[in-house]
Every structure is written in structure tokens, then in C-alpha cells.
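Novice:
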Amino acid sequence: MLDDATPNLQSRLQLGAVTDVDIAILGAGFAGMCMAIALQRAGMHDFVILERADEVGGTWRDNHYPGAACDVPSHLYSLSFAPKADWSRVYPTQPELLAYLCELADAHGLRPKIRFGHDLRGADYDAETGRWRLDTSRGVVVAKKVVSGTGSLSEPRAPTLPGLERFAGKTFHSATWDHEYPLAGKRVAVIGTGASAIQFVPEIAAAPAQLDVYQRTPNWIIPRPDRAYGSIAQWIFRHVPGVRALYRASIYWKQEGRVLGFVVHPSLMKIGQRSALRHIAAQIADPALRARVTPEFAFGCKRVLISNDWYPMLQRDNVELVTTPVAEITTDAIIDDAGRRRPVDCIIHATGFYASESPIAAKIRGKDGTSLAHTWRDGEQAYLGTLVHGFPNLFLIVGPNVGLGHNSMVFMIETQVAYIMRLLAHMRDRGADVLDVRAAVQQRFNDELQTKLRGSIWATGCKSWYQHRSGKITALWPGFTFDFWRRTRAFDASHYELGPS
Ligand code: NAP
């Protein structure tokens, strides 16, 4: 449904004039759309969503590589207020998730509020006016408040490998997959063996004449208990009261139980490690290959992967697992540290994202003109992953230390959106135009987080994208998600500075 403010807002934007809104939301993925729906429900319609692409969906729009799917079960990896009874499988595929998000945009009438093709170039807070000025590829938007829903894994990171720029063949990143490029009969190299590679490499393995998989660090992998939901199960989810909600709750608590191993008693992870070792033993007969795929770090230190077809794929005749580091890339080949040259037509980067030091942080400048990137030079930090001192009226969704290794990010997103709504209501009730978190509150919160994180499985010696370059763990929430929920609900007005500007 369009609200009264919409036509006005649209015409202002179409004229290319500076647009003045109460709230600008960055990104139309799960986070941005969840925020927009909450605002609409509260009768707050003076907002706009700035989206760099031409469709909604965020990471589920961008990551359309073969086999892309979510490794959190579908009935939990969805918004609590937008249930879907007819999920096709336990683990939702990318097309199904994208369709879910498109339907969400349509069902809540969000599309008229979204400015597609608006790529953020800079966001500057003006302390004089108490406004954010957002420079986009299609004009300027001025907003009293900014909610960033740009995601923590949205900026693909290409590898830095000597000579890569000279390579004359085809290259692309897993997050920018080129479906037009035929892999059949080609010599293909995949760099990286993380969560993305583990999904697409088995899918494409039959096509190339030769497929070289470059593994820098092996990951722990456990079986993937996926299955389709039959029409009877879907009927029950839709028609029998309470079943779907109970099922969702059961998945949540099962996932939540994993925190015991990740944070409370890391020694419990040995149970998972044994299961992963059994998985290797069951799928690989060759002791030498078993050794090459067995990690040296503790189970859970890096993200645990789920796959039934990774190890079988590695044993195909046209596949070679390369564990010798890359020394150099020439115009048509990759040369490893042992001097072996492997000719290649196409290099696929499965090398992950800027989870830390994301380029967007350099574009956002707060009260004294300092960028988030500079403020976070020793590692990202925020208060409850949402507020950063010195950046008034900026609300982050999936900010620092909100990521999870064990449960659904959609739960965290909904929790943060509810928290932001509470903060906005607090501003309204106090007649305040500006809200900032107190520096001491933010520091105390982060000191506590880092103390907890130092005892977690993630701090047992591996190197992962959960960490900032400094080694500080900046991506993950160290505890139960219901504890995060509890802390965002225990609202303490003394934690915030309010002002007229
Ligand atoms: P990733 O897990 O960070 O994996 C990147 C891979 O590239 C690693 O194997 C890494 O090796 C390797 N690598 C990076 N730079 C390299 C270099 N210069 N030379 C050689 N190897 C290099 O990235 P991702 O697979 O895209 O996944 C990122 C995250 O996205 C996941 O952890 C997950 O949170 C999310 N994701 C989720 C799903 C899902 O739900 N199923 C699917 C895909 C992604 P090292 O280990 O040695 O660094």
C-alpha cells in the first residue's frame, strides 16, 4: 500500500532535487526491508530505501552461483511475522530465498519506497543541522536518521596473488557469477574452499575438462541433513495450528544449543570434531587425501561447513586438489610454490568478503568528519552491534559482533530492528532530534564482549574472517541469541546522549 507521503517523495526524487526524509535505509535485503516494515507498522512513512542494485534481496540476489543455498534451515531462516508453510526443503536454495524476499517487498508495498540503482558514495553527518547527507550515484538524499542494512558479507574480496592482473583468461568471483561463461570442456581453477566453494564446486565439477581446487586451509565439514518437504508436511505446516511455530522453535533451540560448545565449554566441540573425522573416513579411502583435507585447528574455530558431496567431488578424475600455495599467475596458467605449472582458462575466486574493513566504512563520516573506517582502524566495535559513538542517528543492522556461527541471522536482524524502533520511540518521547550512545557505555560493553570472546573456540589459534587484521574477533556475538535479545530489550535511557542537534 502506498502512503500519503509516497507520491510526494517520488516526485521529489525524480526531479533529481535534494530529498529530505526522516529516515534513509541503506539496502533492500532482509535487514533493510525488515526495518521498513517495522516503520510502516508504526505509522512512520517518511522514509526511503536506497538500494544499489535493481532488485531487492541483498546477498540472496547477488549470490546466485550454482548450488547457492543457506545452511540455516528454511523454517528458521525467515522472518517471524512472514512465515512460509511451503518451503521446499530443509535448507532453502537461493532462488527460493530470493523469491521469498521479492514476495515480502510486494506484500508490504515496499517497492515504491525503494530507490533502485542508488549506490552510496558518501554519508556525512552535519552537526550544525543534525542531518545526514547521503551522496548517491543518482543524487543527494538528506536524512535525519540513517539505518544501514548493507550486510556484513556484501563486498566481495578478490585474492591478492602475484601476477593475477596479467591473467588473460576469464575470472569472476563467486558473488558475481557469470552464467554466460560456459565451463564445459574448459580448464578451471577455483581459489578458496570456504562456505561458497563448498556449495558450487560439486555442482560444476562435471563440466570442465580439468578442475583445480586451490585449498589454502582445509575446513571442518559435517554431513548435510537436507531433504525435501513433501506436500503432506507442507499441508500440515499450513493448516494444523501451532505445528509450524513449534517446528520453528525446535530448530531455534537445537541451533542455540551449539553455543555451549562455541563459547561456554569449547571442549564440547570435540564431539563435533569426531563427527567430522568420521565424515572424512566414510567418504575418503586414501589416507594421503584424508590427511590433506583434515584441518589442524579446533572444530568450530572457523565456520563449520556442511556438505555430502565435497569429498566425493575431490576424488573425480578431472579434479585435482592443490594444496601447494600459489606462487604466481601468468597470462594462461597458475604456477605453484613447487614450480608446477597448471594451464587454466578460467579462475573463479571463492575468496570471501570484506567482513572486516568493509569499503562502506570509509564512506561514512560522523560528527567530527572522521570515517567509520578510521574509528575502527584497530577493529570494528559498536554498542549492541547497532550504535557507534560519534555517529549520531546512525543505526547499524548486522554491525560489529552481531554475526553468528550457530544460528539464524534473521533472528538477530529482527532483534536489532525492534531495538532501533525502541530507540526511535525514545527520541520521540523525549522530543529529541539526535541520539548518540555514550562512549563509556560502548567501551564497557566491548570490553565485556572481548573478555568473553577470548575464552571462545574462535580464539583458539585459527585465522578466520571472524577476526579483524589485528586478531580481535569483531564479527561474532559471543553467546546465546536470546541473551542478545534480552540485552536489547533491557532499555536504559542513561546509556544515550540526546540532543536537539
Ligand atoms: P570464506 O569462508 O571466507 O572462504 C574464503 C576461502 O578463500 C577460504 O578457503 C580462504 O582460505 C580462501 N582464500 C582467501 N584468500 C585467498 C588467497 N589469497 N589465496 C588462497 N586462498 C584464499 O568465504 P565464502 O566461502 O564466500 O563464505 C563467507 C561466508 O559467507 C561464510 O562463512 C558464511 O558465513 C557465508 N556464506 C554462507 C553460506 C550458507 O549459508 N550456506 C554460503 C556461502 C557463504 P583460508 O581459509 O586459508 O583463509
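Taking the numbering used here, I'd label the letters of the sequence shown as residues 30 to 530. Each residue gets a CB set at the ideal place from its N, CA and C atoms; glycine is no exception.
Indicate whether I220 and P188 have their beta-carbon atoms separated by less than 7 Å.
Specialist: Against the sequence shown, residue 220 aligns to sequence position 191. Against the sequence shown, residue 188 aligns to sequence position 159. Against a cut-off of 7 Å, the Cβ pair of P188 and I220 comes out as a contact.
Novice: Does the stretch 393 to 413 come close enough to the stretch 250 to 262 that 3 or more CB-CB pairs lie under 8 Å?
Specialist: With a cut-off of 8 Å, the stretch 393 to 413 and the stretch 250 to 262 do not count as touching, because too few Cβ pairs lie within range.
Novice: Can you give the Cα-Cα distance for L127 and I233, rounded to whole angstroms?
Specialist: By 1-based counting over the sequence shown, the position of residue 127 is 98. By 1-based counting over the sequence shown, the position of residue 233 is 204. Each residue's Cα considered, the two are about 21 Å apart.
Novice: For F2, report the span of its beta strand (DSSP E) as first-last.
Specialist: The chain is shown only over 30 to 530; residue 2 falls outside these bounds and no answer can be derived.
Novice: For Y412, which three-state DSSP category applies?
Specialist: On the sequence shown, residue 412 is found 383 positions in, with the first residue counted as 1. Looking at Y412 - three-state DSSP - the assignment turns out to be strand.
Novice: Return the first residue and the last residue of the alpha helix (DSSP H) that M362 is part of.
Specialist: Translated into the one-based positions of the sequence shown, residue 362 becomes position 333. Correcting the residue type first, residue 362 is Ala in the shown sequence and not Met. Unbroken run through A362 is the beta strand (DSSP E), 362 to 365; no alpha helix (DSSP H).
Novice: What distance in whole Å lies between the Cβ atoms of V351 and L190, which are believed to be in contact at a cut-off of 8 Å?
Specialist: As a first step, residue 190 must be located in the sequence shown, where it is residue number 161. As a first step, residue 351 must be located in the sequence shown, where it is residue number 322. That belief does not hold up - the Cβ atoms of L190 and V351 are roughly 13 Å apart, past 8 Å.
Novice: I'd like the list of long-range same chain contacts for T323, defined as Cβ closer than 7 Å, with 5 residues on each side in sequence excluded.
Specialist: Translated into the one-based positions of the sequence shown, residue 323 becomes position 294. Correct list, in chain order: P247, I309.
Novice: Could you check the C-alpha separation between D512 and R406 for me, to the nearest Å?
Specialist: For the purposes of this step, residue 512 is identified with residue 483 of the sequence shown, where counting begins at 1. For the purposes of this step, residue 406 is identified with residue 377 of the sequence shown, where counting begins at 1. Their Cα atoms are separated by approximately 28 Å.
Novice: Excluding the five sequence neighbours on either side, which residues of its own chain have a C-beta within less than 6 Å of the C-beta of T35, listed in chain order?
Specialist: Taking the first residue of the sequence shown as 1, we reach residue 35 at position 6. Low per-residue confidence applies at T35: pLDDT is 42, beneath 50, and the placement is therefore not dependable enough to give any value.
Novice: Under 7 Å, do L416 and V470 count as touching if we go by C-beta distance?
Specialist: Position 387 of the sequence shown, counted from the first residue, corresponds to residue 416. Position 441 of the sequence shown, counted from the first residue, corresponds to residue 470. It is not a contact, given that the beta carbons lie outside the stated cut-off.
Novice: Leaving out five residues on either side along the sequence, give the residues of the same chain with a beta carbon under 7 Å from the beta carbon of A535.
Specialist: Here the chain has residues from 30 to 530 only, and residue 535 is not among them.
Novice: Any heavy atom of ligand 1 inside 6 Å of the beta-carbon of L182?
Specialist: For the purposes of this step, residue 182 is taken as residue 153 along the sequence shown, with counting starting at 1. Correct: L182 has its Cβ closer than 6 Å to ligand 1.
Novice: Mind pulling the beta strand (DSSP E) runs of 3 or more residues that sit fully within the stretch 450 to 496?
Specialist: Segments of the beta strand (DSSP E) lying fully in the stretch 450 to 496: 463 to 466.
Novice: May I have the straight-line CA-CA distance separating E209 from K199, to the nearest angstrom?
Specialist: For the purposes of this step, residue 209 is taken as residue 180 along the sequence shown, with counting starting at 1. For the purposes of this step, residue 199 is taken as residue 170 along the sequence shown, with counting starting at 1. Cα to Cα, the separation comes out at about 11 Å.
Novice: Does H294 pass the burial test, meaning 16 or more other C-beta atoms within 10 Å, or should it be called exposed?
Specialist: As a working note, residue 294 is residue 265 in the sequence shown. Exposed, since its Cβ has fewer than 16 Cβ neighbours within 10 Å.
Novice: If we ignore side chains and look at the alpha-carbon of each, how far apart do S385 and Q496 end up?
Specialist: The residue given as residue 385 occupies position 356 in the sequence shown. The residue given as residue 496 occupies position 467 in the sequence shown. So the two alpha carbons sit approximately 7 Å from each other.
Novice: Quick check on H74: does DSSP put it in helix, strand or coil?
Specialist: On the sequence shown, position 45 is the one that residue 74 refers to. In the structure shown, H74 sits in coil (DSSP, three-state: anything other than H, G, I, E or B).
Novice: For A57 and I143, what's the separation of their Cα atoms in angstroms?
Specialist: Start at 1 with the first residue of the sequence shown, and residue 57 comes out as number 28. Start at 1 with the first residue of the sequence shown, and residue 143 comes out as number 114. Cα-Cα distance, rounded: 8 Å.
Novice: Thinking C-alpha only, which one of V373, G87, G271, D75 is nearest V427?
Specialist: Here residue 427 refers to the residue found at position 398 of the sequence shown. It is G87.
Novice: Would A65 pass as a contact of L139 if the rule is Cβ separation under 7 Å?
Specialist: Within the sequence shown, residue 65 is the residue found at index 36, counting from 1. Within the sequence shown, residue 139 is the residue found at index 110, counting from 1. Yes, the Cβ-Cβ distance between A65 and L139 is below 7 Å.
Novice: Do the CB positions of Y154 and G414 come within less than 7 Å of each other?
Specialist: Numbered from 1 along the sequence shown, position 125 holds the residue referred to as residue 154. Numbered from 1 along the sequence shown, position 385 holds the residue referred to as residue 414. Result no, Cβ atoms of Y154 and G414 do not sit closer than 7 Å.
Novice: Can you tell which of A172, V272, L149 has its C-alpha closest to the C-alpha of T158?
Specialist: If you number the sequence shown from 1, residue 158 lands on position 129. The residue with the shortest Cα to Cα distance from T158 is A172.
Novice: May I ask you to report which of helix, strand or coil DSSP gives I265?
Specialist: Taking the sequence shown and counting its residues from 1, one reaches residue 265 at position 236. Looking at I265 - three-state DSSP - the assignment turns out to be helix.
Novice: Would you kindly work out how many angstroms separate the C-alpha atoms of E443 and T353, rounded to a whole number?
Specialist: For the purposes of this step, residue 443 is taken as residue 414 along the sequence shown, with counting starting at 1. For the purposes of this step, residue 353 is taken as residue 324 along the sequence shown, with counting starting at 1. The straight-line gap from Cα to Cα measures roughly 43 Å.
Novice: Within 10 Å of its beta-carbon, does G418 have 16 or more other beta-carbons around it, so buried, or fewer, so exposed?
Specialist: Locating residue 418 in the sequence shown gives position 389, counting from the first residue. A quick correction: the sequence has His, not Gly, at residue 418. Label assigned to H418: buried.
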